[in-house]
Amino acid sequence: MSSWLCVLLCCTALGAFAQCISVETPIGSFISNSEADSPSIGLLGIPYAKPMSKETRWKVANKEQDYRAGKIIDARQFGFRCPQMALIGGSKIPTNENCLFLNIWMPTNLLQATDTSFKLAERDLLPVMVFIHGGGFSIGSGDDPYIKSAEFNNNGAILVSFNYRLGVLGFLSLEEIEQEDPNAQNLGLLDQRLAISWIIDNIRHFGGDPNNLTLFGESAGAMSIIWHLTADETTIPEDLHILNNIKGAIIQSAPNLDSNYCHEYHQQAKDTLSVLNCDEYTGSKYLKCLREVDSSELETAIPGFFFGTRRIFWHTRREDAVFTGSPCIDNKVFNRHPRHAFENGHHDVHTNIIIGTCRDEGTLFSWLSFLFHSKLHPETLEAFIHSAFFDDDEDDDAVKIVNQYLQSHNETDASAVLSEIFNDVYFQCGNKGFADQLSSHNSANVYRYVFDHLPSSGIQTLGVYHAAELVYIFGEPVGGGLFPDSFTEEETQLSKQINKYWSNFATYGSPMGNEGNELPNWPKYDAVTKQTQLLRINTETVEDYKSEICEFWETLYPKGIPFLGTSNEMDHEAWDSYVINETGFFLLRNYKAAGAVFLFAFVTLFATCVCCCSRRSKKQKPKEE
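Put into structure tokens, the structure is as follows:
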């Protein structure tokens, strides 16, 4: 049967013949949906790795090579999301361990029609923008609702997103896993490298330039990019290298967290996994027991550091049985401490960089920690600070921090102060430090920004919160409570301006692009003038953004805030706040079970009331005269 007839039958069977097209490439015939007047063609759910399962759990993924001319690939729907904690109002796409898929959006004008399908037109290859989603290495996917392609495609770029293993499946540091395969460390990051490698191998078949990739990502996605830029590719075969193809990196809201060695998490991971009742086994039998556990149980039974437990300053005690769920320094390709690598120039210094933050990064995290009871007393906040930032010398750091942030605030400002500390130490000053280091060593361009626009709708009480910039970069308001559900005319223009900056950067290595555009000027960042672009309705350039407070933090912690410590500041939360918040978060994390219990209780109460009322009515029935 000819390939075009197979496509016809497939489209007809799927009930979307009127919109169904086939994109012919040397590696297969990709079936997609085409919308009238759309600037984009989306090829979704393309496997970049061989299928994953329980049997391949905690093993290095292998690249999917089974592509050939004439093979039919249904690319009309997103693939499975990687297993993760279910969120209220989250994606309806199911999760599965076989989740290593990517998505490609290409401009419609790249294609030309043939008698039975579409093929790539003869023209120059376009820059490729590869997005790495955030979510604390615990949630998210390449189909997150804010990911939109139209503006990037209109501006002449190919857009790619992908899934990678998350949480305990992607970032578990366990001695038994490393004994089985020393390469099986930071599996989520290795998935990302594999996806990028697949893109390098194949993107030219979709009109993209494999030698002009720009990585961009937010939060955990931005942290991932930092790990990739500082990777040591001398430890792996040359055919697995990716850095030479990455010409640009856009680092959006990467928290400046300390990094620990993978072996430092071994015992903590073992303690955390004890809830799965596999401790009676050792070695390969222990792993076999863990692999027999359903992935849904892994996500619900194991207390995760991100989104699973409440943490104020992102510290955890070594003895706490809580899964930290983030990359670590291994003895393979990720053997460098990212911050130290930047300091010493041990990173890809030829990559153009945009790095930046949102204005009020700390508000979202403070809100999430105290969602149900946010009234903080200054005494409580002071105790938090002493627990988190105490050191053993006579010049107590905690006292300095209290004096810096608390003396000029009254009781009603305690929650705001918490957000301000979080914002400064992890985001504003951390990113300033990264920008200083990069501009000192990079032979390429470095640019810094702060997204400074308060969205016109959505959660406005949080200010310009962590992730607020995403819908403006991708070009569409998506609502959902957190993001705005509509743009004003000015916001639409701001969104187009920012997307043009990002697309220009991918094309030319500079957000300003070629000469003659009308964009507000965005100068390079250097460690002397420290020029930062404030992205807002009236965009402007400022110097020394937050330099004074950052000098304060750099004096205290020149090497960054330690991640693993000896104390837990949550121990100092007031009892009423603790009870209310912990109860609320327990119900939120277990909303399905809690909903079933409440429904059962409501039905039982309702039935009891009906029964009692019925009996009472019978007793009070008047006697016939």
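Counting with mature numbering (1 follows the signal peptide of the UniProt record, and there is no 0), you get residues -18 to -1, 1 to 607 for the letters of the sequence shown.
Virtual Cβ for every residue (Gly too), placed ideally from N, Cα, C.
Quick caveat, the model's predicted, so the values are computed rather than measured.
Looking only at its chain, what residues have a beta carbon closer than 6 Å to the beta carbon of residue i, apart from the 5 residues adjacent to it on each side?
i      : result
K414   : C532
D126   : H115
G152   : L169, G170
D508   : S421
L(-5)  : Low per-residue confidence applies at L(-5): pLDDT is 45, beneath 50, and the placement is therefore not dependable, though the value from the model is reported in the following sentence. Closer than 6 Å at the Cβ level, and outside the excluded window around L(-5), lies no residue.
R147   : C64, L169, G170, D173
M(-18) : Confidence is the limiting factor: at M(-18) the pLDDT is only 44, short of 50, which leaves the residue's position unreliable and the question unanswerable from this model.
Verify whether the separation of the beta carbon atoms of residue i and residue j is less than 9 Å.
i           : j    : result
W504        : Y431 : yes
L108        : I140 : yes
residue 608 : L538 : Since the first residue of the chain shown is -18 and the last is 607, residue 608 is not available in this structure.
L211        : I232 : no
F352        : S278 : no
F404        : G344 : yes
residue 614 : D406 : The structure shown has nothing for residue 614, since the chain only spans -18 to 607.
R175        : I224 : yes
G122        : N85  : no
V331        : N193 : no
A236        : M205 : yes
E46         : A68  : no
G230        : L195 : yes
So for residue i, helix, strand or coil by DSSP?
i      : result
C64    : coil
E46    : coil
T489   : helix
K478   : helix
F366   : helix
D191   : strand
L69    : coil
Y268   : helix
V399   : helix
D173   : helix
Y431   : strand
S277   : helix
L(-11) : Because L(-11) sits at a pLDDT of 47, beneath the cut-off of 50, its placement in the model cannot be relied upon, and the following sentence gives the value as read from the coordinates. Looking at L(-11) - three-state DSSP - the assignment turns out to be helix.
F416   : helix
E472   : helix
N135   : helix
Residue range of the beta strand (DSSP E) that residue i falls in?
i    : result
C2   : 2 to 7
W87  : 83 to 89
S425 : Per DSSP, S425 belongs to no beta strand (DSSP E) and is neither H nor E.
P29  : 22 to 29
G338 : 334 to 340
T345 : Not the beta strand (DSSP E): T345 falls in the alpha helix (DSSP H), residues 344 to 351.
Kindly indicate which residue of the options has the alpha-carbon position closest to the one of residue i.
i           : options                : result
S73         : I181, C64, H210        : C64
residue 619 : N334, E451, V381       : Any property of residue 619 remains undetermined from this structure, which presents the chain solely from -18 to 607.
P219        : E246, T254, N165       : N165
E325        : D253, K270, T96, D418  : D418
E157        : D126, G189, L255       : L255
V42         : L169, G203, F534, Y429 : L169
S477        : F433, T489, G338, L444 : F433
T90         : P21, N385, P466, S425  : P21
N486        : I3, R105, E133, I129   : E133
S439        : P459, A426, N184, L239 : P459
G461        : A251, I129, G189, E162 : I129
A323        : Q234, D214, E472       : D214
N313        : G338, G327, H245, H328 : H245
Q250        : L154, D378, N184, Y146 : L154
G463        : S266, I13, F119, A449  : A449
W535        : I336, E500, Q410, S559 : Q410
G149        : W40, T470, Y268        : W40
N78         : L501, L239, T339, S35  : S35
Skipping 5 residues on each side, what residues in its chain have a beta carbon closer than 8 Å to that of residue i?
i    : result
S241 : P309, C310, I311, H319, P320, R321, F545
G10  : Y49, R50, A51, G52, K53, I54, I55
E402 : G344, Y387
Q1   : N15, S16, E17
Where does the unbroken alpha helix (DSSP H) through residue i begin, and where does it stop?
i    : result
Q94  : Careful: Q94 lies outside any alpha helix (DSSP H), inside the beta strand (DSSP E) at 93 to 95.
L239 : L239 -> no alpha helix (DSSP H), and no H or E assigned at all.
C532 : 529 to 538
M205 : 202 to 211
I159 : 157 to 162
G149 : 149 to 152
P320 : 320 to 326
For residue i, which residues in the same chain have their Cβ closer than 7 Å to its Cβ, ignoring the five residues on either side in sequence?
i           : result
A380        : I367, H368, F371, F372
residue 609 : Since the first and last residues shown for the chain are -18 and 607, residue 609 lies out of range.
G265        : E158
T(-7)       : Residue confidence for T(-7) is low, a pLDDT of 47 falling below 50, so the modelled location carries little weight and cannot support an answer.
Hey, would you say the C-beta of residue i is under 8 Å away from at least one heavy atom of the ligand PLP?
i    : result
Y268 : Ligands are entirely absent from the displayed structure, and the ligand PLP is therefore not among its contents.
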